[in-house]
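Have a look at the structure below, then the notes.
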Amino acid sequence: MKRPRTLLLWIALLAVAAAVRLPSLPAGLPYMSYVDEGHVLHRVSHLLRERTWDPKFYIYPSLPFYAIALPVAAWSPVYAALHDRPLRADLSPAPRRRYELLYPQELIVAGRLVTLAFSLGLVLLTGLLARRLAGPAAGFIAAWLAALLPAFV
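Residue numbers for the sequence shown follow my numbering, so the first one is 356 and each next one is one higher.
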């Protein structure tokens with residue numbers, strides 16, 4: 356009987372963590388709202404536009420570029436059906452003068468959704484690690500702190 360209740364508590368914890376993070380999903384659209392967002396998303400746009408694996412930008416690690424480009428590429432047939440044109444036709448060119456402009460806005464939302472998924476995974480991993488080190492109560496408290504800590508949000 357204790358196992359289902361514990362599972363429900365962890366699900367509730369992840370729901371709270373998601374509820375804290377979800378309001379930032381549409382923030383600032385159709386513009387970027389965080390300074391590093393453009394550094395990553397312009398590279399994702401480049402990967403998709405040029406159909407290449409080389410981001411030609413090595414200040415940031417490539418994994419975030421690929422982690423965002425994959426779901427966007429998977430979404431592209433749906434995008435084409437909804438907008439009557441391929442996604443590649445709507446991708447913004449390389450930033451020259453207007454760094455803050457990035458389109459389509461679905462690219463920004465996809466990047467934020469991937470970040471949300473990794474953030475929820477971080478909450479869960481924090482709780483599981485603390486649980487392994489100090490017991491179930493410590494794990495749950497650590498996960499709650501990670502769920503509500505502004506630096507993780």
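Every residue, glycine too, gets a C-beta built ideally from N, C-alpha and C.
Determine the direct distance from the alpha carbon of Leu483 to that of Val371, and round the result to whole angstroms. 17 Å
Leu364 versus Ile423 - alpha carbon distance: 30 Å
What are the start and end residues of the alpha helix (DSSP H) that includes Ile414? Note, Ile414: premise wrong, no alpha helix (DSSP H); not H, not E.
So Ala465 and Pro426 are in contact, right, with Cβ under 8 Å, and what is the actual spacing, rounded? 6 Å
Taking a contact to mean a Cβ-Cβ separation below 8 Å, would you say Leu457 touches His397 in this structure? yes
Can you tell me whether Ala439 is helix, strand or coil according to DSSP? In the sequence under discussion, the amino acid at residue 439 is Asp, which differs from the Ala named in the question. Coil, per DSSP.
Quick check on the DSSP output: the alpha helix (DSSP H) that includes Ser474 runs from which residue to which? Gln460 to Ala489
Spatial distance of Ser500 from Arg467 (CA atoms): It is worth fixing the name first, because residue 500 is Leu in this sequence and not Ser. Taking the straight line joining both Cα atoms gives about 22 Å.
Exposure of Val469, with buried meaning 16 or more beta-carbon neighbours within 10 Å: buried
Taking Leu369 and Leu479 to be in contact with their CB atoms under 8 Å, please state how far apart those CB atoms are, rounded to whole angstroms. 7 Å
Would Ile496 and Met387 qualify as a contact pair, given that the criterion is a beta-carbon distance under 8 Å? no
I'd like the list of long-range same chain contacts for Phe412, defined as Cβ closer than 7 Å, with 5 residues on each side in sequence excluded. Arg398
Are His401 and Ala449 close, meaning C-beta to C-beta below 8 Å? yes
Count the other CB atoms, across all protein chains shown, that sit within 10 Å of the CB of Phe420; report buried if there are 16 or more and exposed otherwise. buried
My output table needs one value for Phe495: the three-state DSSP class, helix, strand or coil. helix
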